[in-house]
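Each residue of the sequence shown is one higher than the last, beginning at 300 in the numbering used here. For glycine and all other residues, C-beta sits at the position ideal for the given N, C-alpha and C. No experiment lies behind these values; they were computed from the predicted model shown. This report concerns only the one structure given below.
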Amino acid sequence: MAFGVYVHWPFCAAKCPYCDFNSHVRASLDEAGWIASIEKELDWTAEAQGVERPIVETIFFGGGTPSLMSGKAVGQVLDKISRNWRMTNDIEVTLEANPASADAARFADYKAAGVNRLSLGMQALNDADLKALGRLHNAAEAEAALKLAMANFSRVSLDLIYARPGQSEADWRSELTRALSFGTDHLSLYQLTIEPQTPFAQLHKSGALQILDEDMAADLYGITQELTEAAGLPAYEVSNHARPGSESRHNLIYWRYGDYAGVGPGAHGRLSLNGQRVATATVKLPERWQDAVMKDGRAFADFVDVQDGEAAREHLLMNLRLTEGLDLSAYEKRWSMRPALEKITPLVGHELLTLSGDVLRTTPQGRLVLNAVIAALLN
300 MAFGVYVHWP FCAAKCPYCD FNSHVRASLD EAGWIASIEK ELDWTAEAQG
350 VERPIVETIF FGGGTPSLMS GKAVGQVLDK ISRNWRMTND IEVTLEANPA
400 SADAARFADY KAAGVNRLSL GMQALNDADL KALGRLHNAA EAEAALKLAM
450 ANFSRVSLDL IYARPGQSEA DWRSELTRAL SFGTDHLSLY QLTIEPQTPF
500 AQLHKSGALQ ILDEDMAADL YGITQELTEA AGLPAYEVSN HARPGSESRH
550 NLIYWRYGDY AGVGPGAHGR LSLNGQRVAT ATVKLPERWQ DAVMKDGRAF
600 ADFVDVQDGE AAREHLLMNL RLTEGLDLSA YEKRWSMRPA LEKITPLVGH
650 ELLTLSGDVL RTTPQGRLVL NAVIAALLN
């Protein structure tokens, strides 16, 4: 089973009003101190796995804004991982970057440190919407950052948010067409959602922020599938599109329900320890996390055994996000259970699922109502 390491860098230059990720703004940072804490947590995780540790196939620096890290810091983390685990020769090392913190020297340092894939959070391609989303860069800066990324890394992904307030079908068709013209091998295209406990949630509740209705959002989703398919970057997951062979290998570990270590404030993980699957989540507040790690080597807010029944539910939920679908025979071999045929058949009849041989897949219509499909299978 593939194994990956997720490193969470929780710091940002500013907090975007739509974001509910564990991100924090600090006036100043002791980067060396934070890196020492991450290294200590990596040591604890490796020791917990014992002598027969899995081989690391992917590493992902997420945030927050990992592109606020220095190349030296990234290199130190990668070196620590390499001393704790064996790594595949073709390891995928991704770093998320913000155009506002992009420059040629920084990207060159990341490449020298071992990063070989960059994910750039452009989010929109016009200045008005970027300002409304709370981004610190403008459209020209985003495109300049993308050119730098593509000059330094052979694999580049860009992120866009659609179904933004006031966005029309023509607007999104034009914007996505432009994004596809840049020539990246991967796009993450997320529909704007109003997350609780965010400034956008407060604005929406007060009526100051109007979002698109479900029908309009579905139409934009349809345009997304049409244009990406035509450009040779079909959806391989609900919100992710890639040229064949350029899928995010790290994210595929999540969706195929593999094992991954999560280190850093607020990171989540799924580990197999002594034959037991364990769900981990670290303390969110960076300072509390750091204090605990320096004292005990770890800082878990949650460290919970996942029983097979719950693991099977999680696996189904994650895997049906993928266009490749779920191999029911392999699923049954792993968990000694499978979704009942009497629950699958009506969903096939409503063209929300397909069952080909023993592979269960969601249709494009099914992915639009994925939560309802999964609920029907599991309840």
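Starting from Ala-580, follow its DSSP beta bridges and name the residues at the other end.
Looking at the DSSP output, Ala-580 sits in a beta bridge with His-567 and Asp-601.
Determine the direct distance from the alpha carbon of Val-376 to that of Lys-339, and round the result to whole angstroms.
Cα atoms of Lys-339 and Val-376: separation of roughly 10 Å, rounded to the nearest angstrom.
Where the alpha helix (DSSP H) through Glu-641 begins and ends
It spans 640-648 - the alpha helix (DSSP H) in which Glu-641 sits, taken as one unbroken run.
Boundaries of the alpha helix (DSSP H) in which Gln-490 is found, first to last residue:
Unbroken run through Gln-490 is the beta strand (DSSP E), 485-490; no alpha helix (DSSP H).
Once you ignore the five residues that flank Glu-494 on each side, which residues in its own chain have a CB closer than 8 Å to its CB?
Excluding positions up to five away in sequence, the list reads Tyr-317, Cys-318, Asp-319 and Ala-500.
Ala-335 versus Phe-599, Gly-563 and Leu-432, residue with shortest Cα-Cα distance
For the residues Phe-599, Gly-563 and Leu-432, the minimum Cα distance to Ala-335 belongs to Gly-563.
Is Thr-476 buried or exposed, if buried means 16 or more other CB atoms sit within 10 Å of its CB?
With fewer than 16 other Cβ atoms within 10 Å, it is exposed.
So His-307 and Gly-370 are in contact, right, with Cβ under 8 Å, and what is the actual spacing, rounded?
Contact doesn't hold; Cβ gap of about 18 Å is too wide.
Is it buried or exposed, Gly-648, if we count other Cβ atoms within 10 angstroms and call 16 or more buried?
Answer is exposed; the Cβ neighbour count stays below 16.
Around the C-beta of Ile-354, are 16 or more other C-beta atoms found within 10 angstroms, so that it is buried, or is it exposed?
By the Cβ neighbour-count rule, Ile-354 is exposed, with fewer than 16 other Cβ atoms within 10 Å of its own.
Quick check on DSSP: helix, strand or coil for Val-350?
Note: Val-350 maps to coil in three-state DSSP.
So Leu-572 and Ala-560 are in contact, right, with Cβ under 8 Å, and what is the actual spacing, rounded?
Actually they are not in contact, since the Cβ atoms of Leu-572 and Ala-560 sit about 11 Å apart, beyond 8 Å.
Here's the rule I'm using: 16 or more other beta-carbon atoms within 10 Å means buried, otherwise exposed. How should Asp-595 be labelled?
Counting Cβ neighbours within 10 Å, Asp-595 comes out exposed, since fewer than 16 surround it.
Three or more C-beta pairs closer than 8 Å, one from the stretch 592-607 and one from the stretch 619-631: is that the case here?
Contact fails: fewer than three Cβ-Cβ distances are below 8 Å.
Look up Asp-389 in the DSSP assignment and say whether it is helix, strand or coil.
Three-state DSSP puts Asp-389 in a strand.
Run through the DSSP bridge pairs and tell me what Ala-679 is partnered with.
Shown here, the chain extends from 300 to 678; a query on residue 679 therefore has no answer.
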